[in-house]
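In this text, residue positions in the sequence shown follow the numbering used here: the first is 182, and each later residue adds one. Idealized CB from N, CA, C, for every residue including glycine.
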Amino acid sequence: MENERVVYLDNNATTRVAPEVAEVMGPFYTELYGNPSSMHFFGGGVQKHLDEARRKVGELIGAAPEEIIFTSCGTESDSTAIWSALRAYPDKKHIVTTRVEHPGVLNVCKFLETQGYRITYLPVDPEGRLNLEDLKLAVTPETALVSIMWANNETGVIFPVEEAARIVHAKGALFHTDAVQAAGKIPINLRDAKIDMLSLSGHKLHAPKGIGVLYVKKGARFSPFLMGGHQERGRRAGTENVPYIVGLGKAAELALKNMERENAQVKALRDRLQEGLLKTIPNVRVNGGGAERLPNTANISFEYVEGESILIMLSEKGICASSGSACTSGSLEPSHVMAAMAVPQTYAHGSIRFSFSVYNTEAEVDFVLKEMPPIIERLRAISPFADGKPLFGMDACETHKH
Ligand code: PLP
């Protein structure tokens, strides 16, 4: 839909490519198009730009350039980390993760369960926080890998991964973190951390979609996912996506340089929206509001209404946000994150994620604050649940679809 006005508050889904990033990528399509593996000067000239990007990405997360492997996306990085750990420790058949991971980790674990692996899914409390005592009890000599996300994509809740990694290392398992939502948004320094592997994704930090990174700590056991050529020191075969890698290098440089200022900016916008909604609309809650959170994310539930209905009505006004719930096979399921947090049923279905970037403005927030109360009022007026009837199952989904 081509809206006259687009208010894009879905930056945890993807971000605008920064103009500075698009600009540095351009020459690598039509001028500097050599293959970095080539022996001749033309390819070699490209190689040094890859080296530069690798250094910049390393700086963003406190890693050495040799510890950075470029991949195609965060999902590839997650899969590589998990499969690598299982190959590194073929006798260990246990993985520990959390109930609130992204499908990039959860669905691999679910598949592995069908292949004879045992998976422990750690719970979270009602604010979305992890209890490290649960982690200590879960890791055994059989554990090959613990994979815990740095920040949750739906709520922005931040996990204490550095502490978790120390616990896991002391027990002799590998530690991976999915930092796709954290990288570029909060400081990360892997230099003294016990984190063996970390995933990040370019399109969450103003680089293009389709470029990711897997950090592998020097000395950690590693086995490649894609095998073939000797690219990335034999750790990820396939000719490098040079323009995207250069773009990610620039995005990493910008994120590091501007992080403090941009965080203050997006947090002010996020808090303005959150406070405004709580003030003007009754029966609203902030999911994970009591936990340490990413400064750009607010997950807000509106009681007695269904998230998808809100999203459709917001979309008609040009406002882009997202919801964790989905009408699947005729039944309305709250998101696995809301379910793990035991968000009350009357709220769990009406959760909306607003996620900001530095390109958002106060005027946009005020526009949402103006549009939101009548939308919720209208939906509550037609909601069959607001008068106390149950809020489960097919009927909930069907009612709002028609
Ligand atoms: N992990 C988390 C926490 C994410 O939020 C996402 C994307 O939404 C991914 C992994 C997947 O990243 P990509 O889209 O680059 O495959």
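Worksheet item: Hey, out of 250, 210, 531, 249, whose CA is closest to residue 504's CA?
Response: The sequence position of residue 504 within the sequence shown is 323, counting from 1. Comparing Cα positions, the closest option is 531.
Fill in: CA-to-CA distance, residue 519 to residue 561, given in whole angstroms
Here residue 561 refers to the residue found at position 380 when the sequence shown is read from its first residue. Here residue 519 refers to the residue found at position 338 when the sequence shown is read from its first residue. So the two alpha carbons sit approximately 21 Å from each other.
Fill in: First through last residue of the alpha helix (DSSP H) which encompasses residue 261
Counting from 1 along the sequence shown, the entry for residue 261 is found at position 80. Residues 255-269.
Worksheet item: Touch check for the region 306-314 and the region 338-351: three-plus C-beta pairs under 8 Å?
Response: yes
Worksheet item: When a residue counts only if its C-beta is closer than 5 Å to some heavy atom of the ligand PLP, which residues count, in chain order?
Response: 254, 255, 256, 283, 285, 334, 359, 361, 362, 382
Practice prompt. Give every residue of the same chain whose Cβ lies closer than 8 Å to the Cβ of residue 375, excluding the five residues on either side of it in the sequence, and list them in chain order.
Written response: Taking the sequence shown and counting its residues from 1, one reaches residue 375 at position 194. 343, 346, 347, 349, 350, 356.
Item to complete: Would you tell me roughly how many angstroms separate the C-alpha atoms of residue 197 and residue 249, rounded to the nearest one?
Response: Translated into positions along the sequence shown, residue 197 becomes position 16. Translated into positions along the sequence shown, residue 249 becomes position 68. Cα-Cα distance, rounded: 24 Å.
Practice prompt. Measure the alpha-carbon distance for residue 361 versus residue 482 and round it to whole angstroms.
Written response: Walking along the sequence shown from the start, residue 361 turns up at place 180. Walking along the sequence shown from the start, residue 482 turns up at place 301. Near 24 Å, if we compare the C-alpha coordinates of residue 482 and residue 361.
Worksheet item: Who are the near neighbours of residue 246 in its chain, counting only those whose CB is closer than 6 Å to its CB and skipping five residues on each side?
Response: Start at 1 with the first residue of the sequence shown, and residue 246 comes out as number 65. Hits under 6 Å: 235, 236, 239.
Discussion item. I need the boundaries of the alpha helix (DSSP H) containing residue 403, first residue and last residue.
Written reply: Residue numbering aside, residue 403 sits at position 222 when the sequence shown is read from its first letter. No alpha helix (DSSP H) contains residue 403, which DSSP labels as neither H nor E.
Worksheet item: Assuming residue 213 contacts residue 535 under a Cβ cut-off of 8 Å, what Cβ separation, rounded to an integer in Å, is found between them?
Response: As a first step, residue 213 must be located in the sequence shown, where it is residue number 32. As a first step, residue 535 must be located in the sequence shown, where it is residue number 354. The Cβ separation is near 39 Å, so there is no contact.
Worksheet item: Below 8 Å between beta carbons: does that hold for residue 195 and residue 384?
Response: Reading the sequence shown from its first residue, position 14 is the one you call residue 195. Reading the sequence shown from its first residue, position 203 is the one you call residue 384. Contact flag set, yes.
Worksheet item: Buried or exposed: where does residue 439 fall if 16 or more other Cβ atoms within 10 Å of its Cβ makes it buried?
Response: Here residue 439 refers to the residue found at position 258 of the sequence shown. Label assigned to residue 439: exposed.
Worksheet item: What's the call for residue 278, buried or exposed, on a 16-neighbour Cβ count within 10 Å?
Response: Taking the sequence shown and counting its residues from 1, the one referred to as residue 278 is at position 97. When all chains shown are included, residue 278 counts as buried.
Worksheet item: Does the beta-carbon distance from residue 259 to residue 286 come in below 8 Å?
Response: What you label residue 259 is simply residue 78 of the sequence shown in a count that begins at 1. What you label residue 286 is simply residue 105 of the sequence shown in a count that begins at 1. Their beta carbons are under 8 Å apart, which means residue 259 touches residue 286 by this criterion.
Worksheet entry | Pair within 8 Å by beta-carbon distance, residue 270 and residue 325 | Counted from its first residue, the sequence shown places residue 270 at position 89. Counted from its first residue, the sequence shown places residue 325 at position 144. Result yes, Cβ atoms of residue 270 and residue 325 sit closer than 8 Å.
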